[in-house]
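Chemist:
Numbering (the working numbering), first residue to last: 11 to 194.
In structure tokens:
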């Protein structure tokens with residue numbers, strides 16, 4: 011959705027056409043859920059956080075600066091809710107049981123070639139490593155590489171400078187590389 015279309019929809023919502031908000035939800039629920047899931051590792055938490063993100067955005071839509079990008083503002087709301095959730099739950103890697111069961115299912119073959127299983131094994135291993143990163147590094151890595159945001163967009167979402175974001179991503183990648191080497 012381009013910025014102009016988003017602005018038109020927001021204007022309609024602000025004029026009282028609440029149904030128009032569903033268009034924004036439909037457009038952005040996938041990326042917000044993906045972000046929440048990758049940060050928390052829990053589908054249930056991701057569902058709750060996605061819903062709460064859209065509720066908060068709707069409640070505060072009158073405060074949105076329309077000269078900015080809506081998805082950046084929405085991601086900022088989402089990332090703040092995710093941070094609060096992670097602090098509240100203080101989870102480390104306990105949610106990785108789901109990844110273990112997925113790996114076990116995939117490693118049994120299930121009609122797939124050995125190359126697919128090996129690729130899936132590496133992807134699950136990589137996701138585990140990302141989940142073990144400190145929250146600030148994990149957040150930067152996920153926003154940049156999973157959500158495909160630019161450095162500037164990551165900086166806007168996190169409230170950090172572009173140079174701080176680049177440093178966090180560098181540190182995150184270095185830490186991931188070290189963890190990959192340690193598990194070999």
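Glycine included, every Cβ here is placed at the ideal spot set by N, Cα and C.
By Cβ distance, which residues of its chain are closer than 7 Å to residue 37, with the 5 residues on each side in sequence left out?
Modeler: 11
Chemist: Short check: CB of residue 159 to CB of residue 153, under 8 Å?
Modeler: yes
Chemist: Which residues in the same chain as residue 24 place their Cβ atom closer than 8 Å to its Cβ, once the five residues preceding and following it in sequence are excluded?
Modeler: 71, 72
Chemist: Exposed or buried, residue 187, counting other C-beta atoms within 10 Å across all chains shown (16 or more means buried)?
Modeler: exposed
Chemist: Three Cβ pairs or more, each shorter than 8 Å: is that satisfied between the region 78-91 and the region 53-67?
Modeler: yes
Chemist: What do you reckon, are the CB atoms on residue 161 and residue 176 nearer than 8 Å?
Modeler: yes
Chemist: Between the beta-carbon of residue 189 and the beta-carbon of residue 151, is there less than 8 Å?
Modeler: no
Chemist: For the alpha helix (DSSP H) holding residue 64, just list the boundary residues, first then last.
Modeler: In this chain, the alpha helix (DSSP H) harbouring residue 64 covers 53-69.
Chemist: Starting from the C-beta of residue 182, find all residues in its chain whose C-beta is less than 8 Å away, skip the five residues before and the five after it, and write them out in chain order.
Modeler: 143, 147, 148, 150, 151
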